[in-house]
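Encoded as structure tokens, the structure appears first; notes follow it.
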Amino acid sequence: MAWVNRDKCAIVGIGATPYYVRGQSWPQTTDQLAGEAIMAACADAGIDVKDIDGFAYYSGAGAGYTGKMDTADFMEQLGIREVGFTAALTSGGGGMAGTGGLATAAIMNGDATYVVSVMALQQLPQSRLGTVFGQAAPTAHNSFMQPSGLVGPGHLMSVLARRHMHLYGTTRDAFFEIVQTQREHAMPRETAVRRKPLTREEYFASPMLADPLCRLDFCLETDGAVAFITTTAERAKDLRQKPVYIHASRHGGTRAWGRAFGWMGMPDPTFASSGHKPVADRLWADTGLTAKDIDVALLYDHFSAMVLMQLEDYGFCEKGEGNDFVLSGKLRYANRKQPGAIPLNTHGGQLSEAYIIGMTHVREAVEQLRGTAVNQVEDAEFALVTGGPAAIPTSGMILRR
Amino acid sequence: MSNYGPASALPGDHIRIATDPYTEPFWQAAREHRLTTCRCANCGHCRIPPTPYCPECQSNRIEWPDLPGTGTIFSYAICTKSPYPDVPDFVYVPIVVDIDGTQGHGARLVANFVGDADEVAIGMKVKVVWTSINDGWELPNFEKA
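So the protein lines, in turn, are chains A and B. So the first sequence is numbered by the working numbering: it starts at 1320 and just counts up by one. So the second sequence is numbered by the working numbering: it starts at 365 and just counts up by one.
Spelled out as structure tokens, the structure:
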């Protein structure tokens, strides 16, 4: 059955700060970075920042893993008069693509008219995501994980990648293909942090941080902020930009995935997956679309192996066939979409452009559907954007031209 | 192919744990070098970490059986960077272990493999070895069975 709010709301503005290598956004503060992105998104939409009357966050309104964003702070600092909605999806980056659904809920419920979703990330030495689990204070639950030395997200997900390789014969060649493809996509993009060509030799010489994953399988460590504005499709028609419709947005997941790599109790085949299958199934049921109808895939790429597993879970290929599908080269950008191909992370993604906990993917989807992307897929009509393979919720969103 | 050599557990003097009323019996047993699990006294489902309710039958009744202390490696990673700034780099192998004597999924342990890192494989049989950590607690790790 079609999603009840299909195309009823639209993303009308997108804004971002420059992307900085980890720590280099200092002495700006996260409030400053978030404020810059929010004001840029308003300017892009052609609205006044004082028109914002709703906030839809993810990651528990966290700025990174250690900082906080708060609606009252933004109102005080940006002069926003009154809000009728302020809420966040729980857990972490898994919910990123669910923010479109949360914003839609706010708007369709009559709580707010212009809803902003924002993420600001600043990774000073004490707040690096890569070491955050290792540095966390012991709790009753993490005491069953932390003493193993799986100190960061990449270490945790390397264990999932290993199981996938064991079950399906997946190879590091496929991980390399994803990394190199995205590097090529980043090269013409001025916003990208990594723009030099990447050779096979370089990749295989990259240090193994958590075998089977090497440093180049890990996403960038960057700072910055990205924000987007959602409003009704009706209002969107009168604003500055071509509307990008929220065709469907879902978040959630099943108990079999649960806390995922924070738990490691997932049965096969869920263990060696992205956890996204339940969300994917709902999105396809919501829209009547299949993976074949998607023109550009903006898949959350904190680690290369998790992109491969999402390709399977969203049905771009069969479960267990990700290796061969990736190696067929079908992820590479071509200006005109080739049959059976799916241009992946055409902005370079979090592996090569910048990592702002997934929000750069929304930015690229909006650019693709407006027709203003650097690596423009001709006549792109549907973009798939996903949140992180992470503890529930995972999330996905289909945006429409 | 890989050539990592010997893998050790994380240094015990750098490890601190926390407990709550539901997890403490697991650690008290560990202190006596007994590997146990949180088992539902109503339906027998096992779960780690120990939590208030059984996810299968929602019972709050728990028992703590003595397990054989063996298991099978379900997956693993090989790491070469020290997690601690004051400890030089060393090879360690985080493993996910299916624990013998538990029924149902969920009762896995995440630990370190102690031994030859190049020998580690999914499906390898392992047995518990105990690492002394801070505050008098003992941590279950594993070596080749």
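Where a beta carbon is used, it is the ideal one built from N, C-alpha and C, also for glycine.
Should the stretch 379–386 of chain B be called in touch with the stretch 1696–1716 of chain A, which here means at least 3 C-beta pairs below 8 Å?
no
Got a sec: is the Cβ-Cβ distance from B:Pro458 to anything in chain A below 8 Å?
Translated into positions along the second sequence, residue 458 of chain B becomes position 94. Closer than 8 Å to some Cβ of chain A, the Cβ of B:Pro458 qualifies, so yes.
Please name the residues in the stretch 1477–1495 of chain A whose beta-carbon is closer than 8 Å to at least one beta-carbon of chain B, in chain order.
Ser1477, Val1478, Leu1479, Arg1481, Arg1482, His1485
Using C-beta distances below 6 Å, list every residue in its chain close to A:Arg1514, excluding the 5 sequence neighbours before and after it, in chain order.
By 1-based counting over the first sequence, the position of residue 1514 of chain A is 195. Taken in chain order, the residues that qualify are Ala1505, Met1506.
For the stretch 1433–1454 of chain A, enumerate the residues whose C-beta is nearer than 7 Å to any C-beta of chain B, in chain order.
Gly1453
I'd like to confirm the pairing. Which residues does DSSP put opposite B:Asn505 in its beta bridges?
Residue numbering aside, residue 505 of chain B sits at position 141 when the second sequence is read from its first letter. DSSP, once it has assigned bridges, lists B:Val493 as partnering B:Asn505.
If contact means a Cβ-Cβ distance below 7 Å, which residues of the stretch 439–454 of chain B contact chain A?
Ser439, Tyr440, Ala441, Ile442, Cys443, Thr444, Lys445, Pro447
Indicate whether the contact test is met: 3 or more Cβ pairs, each with one atom in the stretch 1678–1693 of chain A and one in the stretch 1566–1574 of chain A, closer than 8 Å.
no
Comparing C-alpha positions only, which one of A:Ala1356, A:Gln1501, A:Ala1422, A:Thr1518 sits nearest to A:Met1438?
Numbered from its first residue, the first sequence carries residue 1438 of chain A at position 119. Per the Cα distances, A:Ala1356.
Using a Cβ-Cβ cut-off of 8 Å, state whether A:Met1583 counts as contacting chain B.
If you number the first sequence from 1, residue 1583 of chain A lands on position 264. Yes, because at least one Cβ of chain B sits closer than 8 Å to the Cβ of A:Met1583.
Quick check on the DSSP output: the alpha helix (DSSP H) that includes A:Thr1679 runs from which residue to which?
Counted from its first residue, the first sequence places residue 1679 of chain A at position 360. Run containing A:Thr1679: 1678–1689, per the alpha helix (DSSP H) assignment.
Beta-carbon separation of A:Gly1468 and B:Pro447 under 8 Å?
Locating residue 1468 of chain A in the first sequence gives position 149, counting from the first residue. Locating residue 447 of chain B in the second sequence gives position 83, counting from the first residue. Yes, Cβ-Cβ distance for A:Gly1468 and B:Pro447 is below 8 Å.
I think A:Ala1359 touches A:Ala1335, with their Cβ atoms under 8 Å apart; what is that distance to the nearest whole Å?
For the purposes of this step, residue 1359 of chain A is identified with residue 40 of the first sequence, where counting begins at 1. For the purposes of this step, residue 1335 of chain A is identified with residue 16 of the first sequence, where counting begins at 1. Contact holds; Cβ gap of about 7 Å.
Could you tell me which residues DSSP pairs with B:Tyr417 in its beta bridges?
Translated into positions along the second sequence, residue 417 of chain B becomes position 53. Answer is none; B:Tyr417 lacks a bridge partner.
Using a Cβ cut-off of 8 Å (strictly closer), state whether B:Pro370 contacts chain A.
Start at 1 with the first residue of the second sequence, and residue 370 of chain B comes out as number 6. Chain A contact via Cβ: absent.
Using a Cβ-Cβ distance under 8 Å, would B:Met365 count as near chain A?
Here residue 365 of chain B corresponds to residue number 1 of the second sequence, with the count starting at 1. Bear in mind that a pLDDT of 49 at B:Met365, under 50, signals an unreliable position, so the number given afterwards is only what the model happens to contain. No - not a single Cβ of chain A is within 8 Å of the one on B:Met365.
Measuring straight from C-alpha to C-alpha, what distance separates A:Phe1494 and A:Leu1558?
For the purposes of this step, residue 1494 of chain A is taken as residue 175 along the first sequence, with counting starting at 1. For the purposes of this step, residue 1558 of chain A is taken as residue 239 along the first sequence, with counting starting at 1. Cα to Cα, the separation comes out at about 41 Å.
Take B:Phe390 as the anchor and find which of B:Asn406, B:Arg411, B:Asp499, B:Ala371 has the nearest alpha-carbon.
As a working note, residue 390 of chain B is residue 26 in the second sequence. The closest CA to that of B:Phe390, considering only B:Asn406, B:Arg411, B:Asp499, B:Ala371, is found on B:Arg411.
Give the secondary structure of B:Phe390 by DSSP, where H, G and I count as helix, E and B as strand, and everything else as coil.
In the second sequence, counting from the first residue as 1, residue 390 of chain B sits at position 26. Correct three-state label for B:Phe390: helix.
On the DSSP letters alone, give me the boundaries of the beta strand (DSSP E) that B:Phe477 sits inside.
Start at 1 with the first residue of the second sequence, and residue 477 of chain B comes out as number 113. Judged by DSSP secondary structure, B:Phe477 falls within the beta strand (DSSP E) whose first and last residues are 472–477.
Between A:Asp1542 and A:Ser1378, which are expected to be in contact by the criterion C-beta below 8 Å, what is the C-beta distance as a whole number of angstroms?
Taking the first residue of the first sequence as 1, we reach residue 1542 of chain A at position 223. Taking the first residue of the first sequence as 1, we reach residue 1378 of chain A at position 59. About 16 Å separates the two Cβ atoms, so there is no contact after all.
Output needed for A:Ala1692: all residues of its chain with C-beta closer than 7 Å, excluding positions within five of it in sequence on either side, in chain order.
Within the first sequence, residue 1692 of chain A is the residue found at index 373, counting from 1. Counting only Cβ-Cβ distances below 7 Å, and skipping sequence neighbours, we find Thr1665, Glu1683, Glu1686.
Measure from the C-beta of B:Pro413 to each C-beta in chain A and report whether the shortest distance is under 8 Å.
If you number the second sequence from 1, residue 413 of chain B lands on position 49. Chain A, which has a Cβ nearer than 8 Å to the Cβ of B:Pro413, makes this yes.
Threshold first: 3 residues or longer. Then list the beta strand (DSSP E) segments lying entirely within the stretch 431–469 of chain B, N to C.
434–440, 457–463
What are the partner residues of A:Arg1569, as DSSP defines its beta bridges?
The residue given as residue 1569 of chain A occupies position 250 in the first sequence. Looking at the DSSP assignment, A:Arg1569 forms a beta bridge with A:Gly1715.
Measuring only between beta-carbons, confirm whether B:Thr436 sits less than 8 Å from chain A.
Looking up residue 436 of chain B in the second sequence gives position 72. No, B:Thr436 lies away from the interface with chain A (no Cβ there is under 8 Å from its Cβ).
Using a cut-off of 7 Å between C-beta atoms, extract the partners of A:Ala1529 located in chain B.
Position 210 of the first sequence, counted from the first residue, corresponds to residue 1529 of chain A. The contacting residues are Ala441, Cys443.
In the structure shown, what three-state DSSP assignment does A:Ile1548 receive?
Here the question's residue 1548 of chain A lines up with position 229 in the first sequence. Note: A:Ile1548 maps to strand in three-state DSSP.
Let's see if you can read the secondary structure: which residues bound the beta strand (DSSP E) around A:Gly1607?
Translated into the one-based positions of the first sequence, residue 1607 of chain A becomes position 288. Taken as a continuous stretch (DSSP letters only), A:Gly1607 belongs to no beta strand (DSSP E), as it is neither H nor E.
Quick check on A:Asn1654: buried or exposed, where buried means 16 or more other Cβ atoms within 10 Å of its Cβ?
Sequence index remark: in the first sequence, residue 1654 of chain A carries index 335 (1-based). A:Asn1654 comes out exposed.
In chain E, which residues lie less than 7 Å from A:His1460 when you measure between Cβ atoms?
Absence of chain E from the displayed structure is noted, the protein chains being A and B.
Please classify A:Gly1419 as buried or exposed, where buried requires at least 16 neighbouring CB atoms within 10 angstroms.
For the purposes of this step, residue 1419 of chain A is taken as the residue at position 100 of the first sequence. So A:Gly1419 ends up on the buried side.
So who's on the other strand from A:Leu1532, going by DSSP bridges?
Along the first sequence, read from residue 1 onward, the residue named residue 1532 of chain A stands at position 213. Residue pairing from DSSP places A:Leu1532 in a beta bridge opposite A:Ala1529.
Whose CA, out of A:Arg1481, A:Leu1646, A:Gly1403, lies closest to the CA of A:Asp1492?
Counted from its first residue, the first sequence places residue 1492 of chain A at position 173. For A:Asp1492, the nearest C-alpha among the options comes from A:Leu1646.
Between B:Asn476 and chain A, is the shortest Cβ-Cβ distance under 8 Å, so that the two count as touching?
Position 112 of the second sequence, counting from 1, holds the residue named residue 476 of chain B. Yes, its Cβ sits closer than 8 Å to a Cβ of chain A.
Quick check on A:Gly1690: buried or exposed, where buried means 16 or more other Cβ atoms within 10 Å of its Cβ?
For this step, residue 1690 of chain A is matched to residue 371 along the first sequence. Exposed: under 16 other Cβ atoms inside 10 Å.
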